[in-house]
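Asks: Provided herewith is a single structure, encoded as structure tokens, for subsequent inquiry.
Chains as they are written, first to last, in the numbering used here: chain A, 1 to 430; chain B, 431 to 860.
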């Protein structure tokens, strides 16, 4: 039987064997401590001279260095002072494999060094906590949609045409033709929404952006729900309930990890109920007070987003962005075509945009005009236009970027720590 | 408030508005029937002359063609004879958008025609059922691992080097260098297993194979668990429990869909408990009885897999494949280096291999020799070798292909119907 540290509470008083890696060790002539990590948690193993195997005690300091893999046998005891609340009263240990000169030590390392050793850096306490939070967020996202009757219909990564221009796209030879790596599954979700009503896709997306900001990754994960017959306002309601669910569930289920990350929970707890909603022009007014050079009609920069979000203790939804700065598929506001039925959600504390979405154009004639206006080729969109030819329907959806959401909830300033193996401009290793 | 067909049982006796598409309609002078689909289910709407809105009744046949999007208002009634058990006693309907000459009719269509219209074909009853089963299987996979303390640590799609040769790889320009699209996240999961103990990745993978078989896709989804300190036998136990869980849960939760697909459940029900396990040489003996030309030491072809699986009513695990036909990272059997600590699982009824995996080599020296023997460059594997330098550990894992699993459980002969937008040799549209 395998025993894991996170299940020791079930085995108090029992003799167990743990396998893992040395996180830390110290000792005197009479007692030695080893903090073992097995991935599920950290466990203090206590070796008393005379009570444990003699060889184990003698060889302790010599054999054990950081990240050595070991097997420890001992009895589980409740110990409120130990990390996790339980410790092992150890009988013996056995080295499985040594670790000499482990490169990541408790001292400070530069970010390039850490990123080059990402495969090992992942074992560090903070990185460990971030990825556990990420895993919980992924699960929360899926549970939210699955629990509401959404069907997971994944979009393809290979796409035949460059729907929004080739500038930020990765291309590849696809046998005798060229294919592009998807930047969004949305257009495909519009097709599956007509088949399943409520759908989402959840996968990696790719943007070949030559930018090095703390909010950008070359390869990032996105979840994109789409709902048939939802309008812009239904879409904002859905986004709001969704983000509340993710945040509140993560606070509840990953309290220990958020503590390791020293996250100020008082900033996350208020994220429930309805969120403030601003028309684009209302948002512009707020921005202009602090950034008078902002040009009405432009898209927001990272700084502008921070100006808006700093006004509220909940995420803010900005809607009705100018039609001119939005993609061809957005529906225009019927009362004023200058504005689109779009909405973005900005996270609190300046963590920036985490959601972008809106209502899609359902008229085939308007869509054809838009495709032309955006210098796109109508022939590339025949299948997409079919969705308007055969029982067209109002529909809305949005995309939420996973890494930004993880960064926000963890309080991590740079998205590079929110994904196991980040791909950045200039980095594709390890 | 939005009403969905799959929740009508909660609203018996209430007046509701449904939005969806016309699946079917028929009628006489006194009564008209419309089968509405909204993605969550199918609902019979009954219009009695004199009891419903007069215009609705008069315009019924003229306005309503297959896939027209409509709004229907009526009262929910229990009706055991209706599909789903409930029907709408309709007051009125309203056309949202017409559908003229919908290309997919109840008559037979060729497969190329259907694949070119995949964005519409998805709406058909059988395709609808397959993707609902797929969504359930995805959820079951995640629930299985999440419920057992595994952490979801996704592997990158962009990889810097071609770990197992470039022949079946898609390459892309990654700024100033070349990147390849991942064929497997396994090597990365070995790194995250050292951080989290029990991990899995679940994402799309890519193989540029110029083959047109019913089992191959260019782009397919794979889930890959990896467990620190698990050996080959632990790995087979895990694979067994995992497949039982997926199959039994899908039978239970997607009974209606499997009925639509006319799946013979008596073939799936026995898939529980331990599965037969065959050493490679035992499997070879079985194959040779029916295929005397099979060469001992070779890998199995699709036909050979069918010979084996036809002997059993449960999936079969074949283990200890010859070292010579396996990738460099497989650990050799300590008692006989001719064989590797590998295992594949073959589905029942000739659906072929659904799982491949095994125990990984943990000795850095053996691994370096293997890398050389496989004509790979050691420099490409520095980070991977680090996992053996610093606290190396026995570990095992496997990969399960989603589309083959969906095809098997649905009883669908070709994997192209098991993913929303299949990518095949010669196909990257829609």
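Even for Gly, the Cβ is constructed at its ideal location relative to N, Cα and C.
Quick one: is residue 568 (chain B) near chain A, going by C-beta distance under 7 Å?
Replies: So yes, residue 568 (chain B) belongs to the interface.
Asks: Measuring only between beta-carbons, confirm whether residue 729 (chain B) sits less than 7 Å from chain A.
Replies: Residue 729 (chain B) does not count as touching chain A.
Asks: Show which residues of chain B have a CB atom less than 9 Å away from the CB atom of residue 168 (chain A).
Replies: Per Cβ cutoff of 9 Å: no residues; residue 168 (chain A) is ~12 Å from chain B at best.
Asks: Can you grab the Cα-Cα spacing for the pair residue 23 (chain A) / residue 68 (chain A), in whole Å?
Replies: About 8 Å.
Asks: In chain order, what residues of the same chain have a beta carbon less than 7 Å from the beta carbon of residue 635 (chain B), not counting five sequence neighbours either side?
Replies: Once the five neighbours on either side are set aside, the close Cβ partners of residue 635 (chain B) are 612, 613, 614, 650 and 652.
Asks: Distance, Cα to Cα, residue 242 (chain A) vs residue 208 (chain A)?
Replies: Each residue's Cα considered, the two are about 29 Å apart.
Asks: Give me the Cα-Cα distance between residue 203 (chain A) and residue 154 (chain A), rounded to the nearest whole angstrom.
Replies: In a straight line, the C-alpha of residue 203 (chain A) is about 7 Å away from that of residue 154 (chain A).
Asks: With a CB to CB cut of under 8 Å and the five nearest residues on each side skipped, what residues in its chain are close to residue 280 (chain A)?
Replies: Hits under 8 Å: 318, 319, 320, 321, 322 and 339.
Asks: Based on Cα-Cα distance, which residue from A:37, A:282 and A:196 lies nearest to residue 71 (chain A)?
Replies: Per the Cα distances, A:37.
Asks: Within 8 Å, do at least three Cβ pairs link the segment 541-554 of chain B to the segment 504-523 of chain B?
Replies: With a cut-off of 8 Å, the segment 541-554 of chain B and the segment 504-523 of chain B do not count as touching, because too few Cβ pairs lie within range.
Asks: When you compare the CB of residue 38 (chain A) with every CB in chain B, is at least one pair closer than 7 Å?
Replies: It does; some Cβ of chain B falls within 7 Å.
Asks: Decide yes or no for the touch test of the segment 185-198 of chain A against the segment 139-156 of chain A: beta carbon pairs closer than 8 Å, at least 3 of them.
Replies: Enough Cβ pairs lie closer than 8 Å, so yes.
Asks: List the residues that DSSP assigns as beta-bridge partners of residue 34 (chain A).
Replies: Its beta-bridge partners are A:25 and A:45.
Asks: Taking DSSP's pairing of strands, which residues face residue 831 (chain B) in a bridge?
Replies: According to DSSP, residue 831 (chain B) bridges with B:652.
Asks: For residue 410 (chain A), does the three-state DSSP call read helix, strand or coil?
Replies: Of the three classes helix, strand and coil, the one that applies to residue 410 (chain A) here is helix, per DSSP.
Asks: Which whole-angstrom value describes the C-beta separation of residue 273 (chain A) and residue 198 (chain A), a residue pair presumed to lie in contact below a C-beta threshold of 8 Å?
Replies: Going by Cβ atoms, the distance from residue 273 (chain A) to residue 198 (chain A) rounds to 23 Å, so no, they are not a contact pair.
Asks: So residue 861 (chain B) is in the beta strand (DSSP E); what residue range does that whole segment cover?
Replies: Residue 861 (chain B) is absent from the structure shown; chain B starts at 431 and stops at 860.
Asks: Would you check if the segment 548-562 of chain B and the segment 676-690 of chain B touch, i.e. whether three or more CB-CB distances between them fall below 8 Å?
Replies: Counting Cβ pairs under 8 Å, three or more are found: they touch.
Asks: What does the Cβ neighbour count give for residue 474 (chain B), buried or exposed, with the cut at 16 atoms within 10 Å?
Replies: Its Cβ being crowded by 16 or more others within 10 Å, residue 474 (chain B) is buried.
Asks: How many angstroms separate the CA atom of residue 803 (chain B) from the CA atom of residue 825 (chain B)?
Replies: Straight-line Cα distance between these residues: approximately 22 Å.
Asks: Residue 725 (chain B): buried (16+ other C-beta within 10 angstroms of its C-beta) or exposed?
Replies: Burial call: exposed.
Asks: Is there a C-beta anywhere in chain B that falls below 7 Å from the one on residue 401 (chain A)?
Replies: Not closer than 7 Å to any Cβ of chain B, the Cβ of residue 401 (chain A) fails to qualify, so no.
Asks: Nearest-angstrom Cα distance between residue 828 (chain B) and residue 59 (chain A)?
Replies: Cα to Cα, residue 828 (chain B) sits roughly 37 Å from residue 59 (chain A).
Asks: Going by alpha carbons, who is nearest to residue 562 (chain B) out of A:98, A:192, A:33 and A:312?
Replies: When each option's Cα is compared against that of residue 562 (chain B), the closest is A:192.
Asks: By alpha-carbon positions, which one of A:275, A:337 and A:105 ends up nearest to residue 346 (chain A)?
Replies: It is A:275 whose Cα lies nearest to the Cα of residue 346 (chain A).
Asks: Does the beta carbon of residue 797 (chain B) come closer than 7 Å to any beta carbon on chain A?
Replies: Chain A, which has no Cβ nearer than 7 Å to the Cβ of residue 797 (chain B), makes this no.
Asks: Using a beta-carbon distance below 7 Å, is residue 853 (chain B) in contact with chain A?
Replies: At least one chain A Cβ lies under 7 Å of residue 853 (chain B).
Asks: Look up residue 493 (chain B) in the DSSP assignment and say whether it is helix, strand or coil.
Replies: DSSP places residue 493 (chain B) in helix when its eight states are reduced to three.
Asks: Can you give me the C-alpha to C-alpha distance between residue 608 (chain B) and residue 575 (chain B), rounded to a whole angstrom?
Replies: If you take the alpha carbons of residue 608 (chain B) and residue 575 (chain B), they lie about 34 Å apart.
Asks: Could you list which residues in chain B have their beta carbon closer than 7 Å to that of residue 219 (chain A), in chain order?
Replies: Simply 586, 587 and 588.
Asks: Indicate whether residue 18 (chain A) and residue 25 (chain A) have their beta-carbon atoms separated by less than 7 Å.
Replies: No, the Cβ-Cβ distance between residue 18 (chain A) and residue 25 (chain A) is not below 7 Å.
Asks: Give me the chain A residues within the contact set of residue 637 (chain B), using Cβ-Cβ distance strictly less than 8 Å, ordered along the chain.
Replies: What residue 637 (chain B) touches in chain A: nothing, since even the nearest Cβ is about 12 Å away.
Asks: In the DSSP assignment, what residue or residues form a beta bridge with residue 77 (chain A)?
Replies: BP columns for residue 77 (chain A) point to A:87.
Asks: Need the endpoints of the beta strand (DSSP E) that residue 200 (chain A) sits in, please.
Replies: First-last of the beta strand (DSSP E) with residue 200 (chain A): 198-206.
Asks: For my contact list, residue 214 (chain A) and residue 406 (chain A) are in at a C-beta cut-off of 8 Å; report their separation, rounded to the angstrom.
Replies: Not quite, the Cβ-Cβ distance comes to about 13 Å (not below 8 Å), so this is no contact.
Asks: Please confirm if the segment 757-774 of chain B is in contact with the segment 782-792 of chain B, defined as three or more CB-CB distances below 8 Å between the two stretches.
Replies: Output reads yes: the segment 782-792 of chain B touches the segment 757-774 of chain B.
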